[in-house]
Amino acid sequence: MLLNSEIMKTSDIDEQLWHALQLGDWKAFETIYNRYIKLLYKEISKRIDDKAVVEDLIQDIFLSLWNKREAIQIQGDIYPYLYGMAINRVLNYYRSTRLQPKFVELWDDLPEHMADLTELSLAFRQAHTQELESLLEVAIKSLPNRMRQVYKLRYEKELSVPQIAKQLSTSPNTVHNQLKTIRKRFLKTIRQSSYIFF
Amino acid sequence: MKKDIQTLLNKYKEGKCSEQELRLLEAWFFKIADESQGEEPDSEQIRKIFNRIAHKASPSKPKVFKIGKRYATIAASILVVIGIGFSLLKTGHIPSLPWSETANYDIAAATDKAILTLQNGKKIALDSLSGHTVFSKYGVEILPGKNGEIIYRQLPIAHHHPSIDVSAYHTIETPRGGKYQVQLADGSKVWLNAGSSLTFPVRFDATERKVRLSGEAFFVVNKLIHGPDTERMQNVSFLVETDGQTVEVLGTEFNIKNYTDDLHQYTTLVEGSVKVKLSSGKEIILRPGEQAQSGEHLEAVHADLEREIAWKNGDFVFKRETLEEICKQISRWYNIDITYPEDIKSVRFSGMIRRSQPLSVIINMIESAGKVKATLKERRLTITKT
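Residue numbers (my numbering), protein chains in the order written: chain E, 1 to 198; chain F, 199 to 584.
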């Protein structure tokens with residue numbers, strides 16, 4: 001028998017929490033942590049035996065979430081994003097340390113056509129997207145100063161090409177060419193991922 | 199041949215995995231968890247970890263390099279087309295998409311749909327099959343396979359059995375928006391693309407295997423050394439007849455494209471050896487990796503296998519493809535009509551995307567190149583210049 005109170009969906013609560021977090025609300029951050037720590041810990045510990053490592057990864061995930069809170073965009077449920085971060089960190093851990101023989105065996109025994117039967121899960125897509133986004137971040141950081149300026153003015157400040165040209169005292173044509181080069185560089189960074197359109 | 203796990207993990211880190219590799223990685227990642235229960239942290243651990251985080255977290259503005267308040271339009275447009283589809287991406291910064299805003303619905307990709315026409319003219323809709331044997335006559339059983347295909351299984355029959363009509367033919371036809379796979383009685387497999395039709399003998403006898411195709415199909419043909427119900431040893435040719443052309447193979451993998459709205463027929467050889475014969479008498483033997491283009495003339499060119507076979511692997515692969523060609527493929531696969539002005543039909547696009555994606559995702563890819571705009575109304579897509 002329902003009372004008059006509204007029943008809030010998880011995704012609505014998460015959305016409010018996330019919004020608050022983006023504004024720098026530490027309490028919201030703590031709430032998110034408490035909400036998902038057990039789930040996350042369980043998932044990671046299923047894949048990594050070393051408790052210290054599991055704790056490290058959890059720490060890293062939430063710290064990252066806090067530090068990058070303004071740049072990350074999440075709508076609705078927060079957990080898939082966290083899980084995506086966990087997947088990336090676990091895979092990276094596997095990559096950089098010696099894989100347990102039983103895991104290697106599991107891989108070798110995996111039938112190749114198994115992949116044909118399923119679509120990529122949301123969590124994995126999230127993970128992959130995040131991985132690509134971080135590669136892009138690196139690509140942006142490595143842009144030469146001038147180009148990075150153009151990039152910021154165009155994509156952060158959202159100025160038009162003529163406005164950028166004026167601000168940098170250069171010609172619109174030059175700005176156009178720089179944008180083209182930037183685009184090419186980005187594509188070079190993630191070119192070999194299967195899904196590129198240019 | 200799948201790579202070793204270490205290589206794949208490195209590729210993943212560099213963003214260089216193909217979707218197939220991603221799915222394998224994912225399958226492995228989830229399988230690892232099957233073996234283990236995992237642990238739950240106790241309240242002390244939970245508090246301890248949080249304290250460490252609090253200690254390290256900077257209370258004020260993060261000193262992290264920001265890509266921007268909203269992820270850059272370039273990044274977004276590049277990532278949007280990573281076959282994910284915005285509904286899953288769940289980020290609020292996708293550049294404005296007039297197409298998706300006006301359409302209240304989306305159009306799903308082609309599904310396993312076909313009509314099977316029997317010898318007596320009776321038609322069966324293949325998408326309504328359940329898990330039983332469809333049909334049993336002519337000494338052949340037709341069973342649904344594991345991957346949504348149907349399998350013709352030839353049963354040994356006594357010689358001269360009076361009720362067996364050994365020359366019976368069936369036809370499988372896919373509509374636009376349909377695709378189907380069939381395994382013929384000799385074990386050969388055929389993948390039919392949308393808007394195609396294959397007529398084939400229900401039983402294969404010892405002397406010849408001949409089928410008729412219109413549209414596009416990918417064949418994996420088994421070598422047949424002797425007919426199933428004789429004891430003679432001989433190589434039995436497999437012939438594919440299309441309009442004005444016959445392709446003859448012994449055992450091989452190849453693709454034939456023969457749509458009526460195309461200028462030529464394209465026969466692409468993956469493995470083995472085929473002979474392409476035109477009704478005019480011209481003929482040519484293909485080697486793996488070659489494609490025969492036939493129309494008025496017949497010539498063999500080097501084929502881009504990745505592009506030609508992409509459809510069978512479930513992908514659209516466009517490599518500097520004209521808008522005209524892209525639209526042909528899309529309209530068949532999604533069963534829609536597309537109109538565009540003549541002067542942009544040769545504008546070129548490149549990209550790769552899973553065919554299982556709904557129409558909206560592929561349209562956004564095309565639009566994100568900034569050269570055209572598309573509007574969907576019911577089943578008609580109108581493309582205009584930007």
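The beta-carbon is built from N, C-alpha and C at its ideal position, and this holds for glycine as well.
message: Which residue marks the beginning of the alpha helix (DSSP H) containing F:PRO342, and which one marks its end?
response: The residue labelled residue 342 of chain F in the question sits at position 144 within the second sequence. Run containing F:PRO342: none in the alpha helix (DSSP H); it sits in the beta strand (DSSP E), 338-342.
- prompt: Which residues, in chain order, does the segment 35-63 of chain E contribute to contact with chain F at a C-beta distance below 7 angstroms?
  reply: ILE37, LYS38, TYR41, LYS42, GLU43, SER45, LYS46, ARG47, GLU55, ILE58, GLN59, PHE62 and LEU63
- prompt: Can you give the beta carbon distance from F:ASP325 to F:LYS344, rounded, assuming they're within the 8 angstroms contact cut?
  reply: Taking the first residue of the second sequence as position 1, residue 325 of chain F is located at position 127. Taking the first residue of the second sequence as position 1, residue 344 of chain F is located at position 146. So it is not a contact: roughly 16 angstroms between Cβ atoms.
query: With DSSP run on the structure shown, which of helix, strand or coil describes E:PRO162?
result: The residue you call residue 162 of chain E lines up with position 162 of the first sequence. Helix.
task: Determine the extent of the alpha helix (DSSP H) in which E:GLY84 is found, giving its start and end residues.
output: Translated into positions along the first sequence, residue 84 of chain E becomes position 84. Note, E:GLY84: alpha helix (DSSP H), 79-96.
message: Please classify E:PRO111 as buried or exposed, where buried requires at least 16 other C-beta atoms within 10 Å of its C-beta.
response: Looking up residue 111 of chain E in the first sequence gives position 111. So E:PRO111 counts as exposed.
task: Identify each residue in the segment 234-245 of chain F for which the Cβ-Cβ distance to at least one residue of chain E is less than 8 angstroms, and report them in chain order.
output: SER234, GLN235, GLY236, GLU237, GLU238, PRO239, GLN243 and ILE244
message: Taking 8 angstroms as the threshold (beta carbon to beta carbon), is E:TRP18 in contact with chain F?
response: Taking the first residue of the first sequence as position 1, residue 18 of chain E is located at position 18. Answer no: the Cβ-Cβ gap between E:TRP18 and chain F never drops below 8 angstroms.
query: Thinking C-alpha only, which one of E:LYS180, E:ASP60, E:ARG148 and E:ASN173 is nearest F:PHE248?
result: On the second sequence, residue 248 of chain F is found 50 positions in, with the first residue counted as 1. Closest option to F:PHE248, Cα to Cα, is E:ASP60.
task: Could you list which residues in chain F have their beta carbon closer than 7 angstroms to that of E:ASN92, in chain order?
output: Taking the first residue of the first sequence as 1, we reach residue 92 of chain E at position 92. Within chain F, the residues near E:ASN92 are LYS211.
- request: Confirm, please, whether the CB-CB distance from F:LEU437 to F:ARG407 is below 8 angstroms.
  value: In the second sequence, the residue the question calls residue 407 of chain F occupies position 209. In the second sequence, the residue the question calls residue 437 of chain F occupies position 239. Contact: yes.
task: Label F:ILE265 either buried or exposed according to how many other C-beta atoms from any shown protein chain fall within 10 Å of its C-beta, with 16 as the threshold for buried.
output: As a working mapping, residue 265 of chain F is identified with position 67 in the second sequence. Caution is warranted here: a pLDDT of 40 is assigned to F:ILE265, below 50, making its placement in the model unreliable, and the coordinate value is therefore given only provisionally. By the 10 Å Cβ count, F:ILE265 comes out buried.
query: Taking any Cβ of chain F, which residues in the segment 167-186 of chain E have a Cβ under 8 angstroms from it, in chain order?
result: ILE182, ARG183 and PHE186
- request: With a floor of 4 residues, list each alpha helix (DSSP H) that falls wholly inside the segment 12-67 of chain E, ordered by position along the chain.
  value: 26-45 and 51-67
Which listed residue (F:ASN456, F:PHE402 and F:ALA366) has its alpha carbon closest to that of F:SER395: Taking the first residue of the second sequence as 1, we reach residue 395 of chain F at position 197. Comparing Cα positions, the closest option is F:ASN456.
task: Measure the CB-CB distance between F:VAL474 and F:LEU496 and report whether it falls below 8 angstroms.
output: The residue you call residue 474 of chain F lines up with position 276 of the second sequence. The residue you call residue 496 of chain F lines up with position 298 of the second sequence. Taking 8 angstroms as the Cβ cut-off, F:VAL474 and F:LEU496 qualify as a contacting pair.
query: Between F:ARG577 and F:ILE524, is the Cβ-Cβ spacing less than 8 angstroms?
result: Here residue 577 of chain F is taken as the residue at index 379 of the second sequence, counted from 1. Here residue 524 of chain F is taken as the residue at index 326 of the second sequence, counted from 1. The answer is no: Cβ separation not under 8 angstroms.
field: is_contact[E:GLU112, chain F] using C-beta, thresh 8 angstroms
entry: The sequence position of residue 112 of chain E within the first sequence is 112, counting from 1. Closer than 8 angstroms to some Cβ of chain F, the Cβ of E:GLU112 qualifies, so yes.
task: To the nearest angstrom, report how far apart E:ASP25 and E:SER11 are at their CA atoms.
output: As a first step, residue 25 of chain E must be located in the first sequence, where it is residue number 25. As a first step, residue 11 of chain E must be located in the first sequence, where it is residue number 11. Distance between the alpha carbons of E:ASP25 and E:SER11 is about 18 angstroms.
query: Would E:SER160 count as contacting chain F if we go by Cβ distances under 8 angstroms?
result: The sequence position of residue 160 of chain E within the first sequence is 160, counting from 1. Answer no: the Cβ-Cβ gap between E:SER160 and chain F never drops below 8 angstroms.
query: According to DSSP, what are the bridge partners of F:GLY445?
result: Your numbering for residue 445 of chain F matches position 247 in the second sequence. Note on residue identity: the sequence assigns Val, not Gly, to residue 445 of chain F. F:VAL438 and F:VAL474.
- prompt: Apart from the five residues just before and just after F:LYS543, which ones in its own chain have a Cβ nearer than 6 angstroms to its Cβ?
  reply: Counted from its first residue, the second sequence places residue 543 of chain F at position 345. Excluding sequence neighbours, F:LYS543 sits near LEU521 and GLU522.
field: 8 angstroms contact criterion, which F:VAL445 and F:ILE454 should meet: CB distance rounded
entry: Position 247 of the second sequence holds residue 445 of chain F. Position 256 of the second sequence holds residue 454 of chain F. Contact holds; Cβ gap of about 6 angstroms.
query: Hey, is F:LYS200's beta-carbon within less than 8 angstroms of any beta-carbon in chain E?
result: Looking up residue 200 of chain F in the second sequence gives position 2. Interface residue, yes.
message: Contact criterion: CB-CB distance below 8 angstroms. Does E:SER142 meet it with respect to chain F?
response: Taking the first sequence and counting its residues from 1, one reaches residue 142 of chain E at position 142. No, because no Cβ of chain F sits closer than 8 angstroms to the Cβ of E:SER142.
query: In or out: F:ALA306 buried (at least 16 other Cβ within 10 Å) or exposed?
result: The sequence position of residue 306 of chain F within the second sequence is 108, counting from 1. When all chains shown are included, F:ALA306 counts as exposed.
query: Taking one C-beta from the segment 27-34 of chain E and one from the segment 212-222 of chain F each time, how about it: are there three or more such pairs within less than 8 angstroms?
result: no
- request: Would you list, in chain order, the members of the segment 218-233 of chain F that have their beta-carbon closer than 9 angstroms to a beta-carbon of chain E?
  value: GLN218, GLU219, LEU220, ARG221, LEU222, LEU223, GLU224, ALA225, TRP226, PHE227, PHE228, LYS229, ILE230, ALA231, ASP232 and GLU233
- prompt: Are at least three pairs of beta-carbons, each pair with one atom in the segment 219-237 of chain F and one in the segment 28-47 of chain E, less than 8 angstroms apart?
  reply: yes
F:PHE227 versus E:LEU120 - alpha carbon distance: As a working mapping, residue 227 of chain F is identified with position 29 in the second sequence. As a working mapping, residue 120 of chain E is identified with position 120 in the first sequence. Approximately 12 angstroms between the Cα atoms of the pair.
Interface residues of the segment 371-400 of chain F facing chain E [CB-CB below 7 angstroms]: none
- prompt: Of the residues that make up the segment 77-110 of chain E, which ones have a beta carbon closer than 9 angstroms to any beta carbon in chain F?
  reply: ASP77, PRO80, TYR81, ILE87, ASN88, VAL90, LEU91, ASN92, TYR94, ARG95, SER96, LEU99, LYS102, PHE103, VAL104, LEU106, TRP107, ASP108 and LEU110
field: chain E contact residues for F:ARG250, given Cβ-Cβ distances below 7 angstroms
entry: As a working mapping, residue 250 of chain F is identified with position 52 in the second sequence. Here the neighbours are GLN59.
F:TYR367: first and last residue of the uninterrupted beta strand (DSSP E) it sits in: Counted from its first residue, the second sequence places residue 367 of chain F at position 169. 367-372 is the extent of the beta strand (DSSP E) around F:TYR367.
Three-state secondary structure (DSSP) of F:SER394: The residue you call residue 394 of chain F lines up with position 196 of the second sequence. The answer is strand: DSSP assigns F:SER394 an E or B state.
- prompt: Anyone know if the C-beta pair for F:TYR367 and F:PHE398 falls short of 8 angstroms?
  reply: As a first step, residue 367 of chain F is located in the second sequence; it is residue number 169 there, counting from the start. As a first step, residue 398 of chain F is located in the second sequence; it is residue number 200 there, counting from the start. In this structure, F:PHE398 lies closer than 8 angstroms to F:TYR367 by Cβ.
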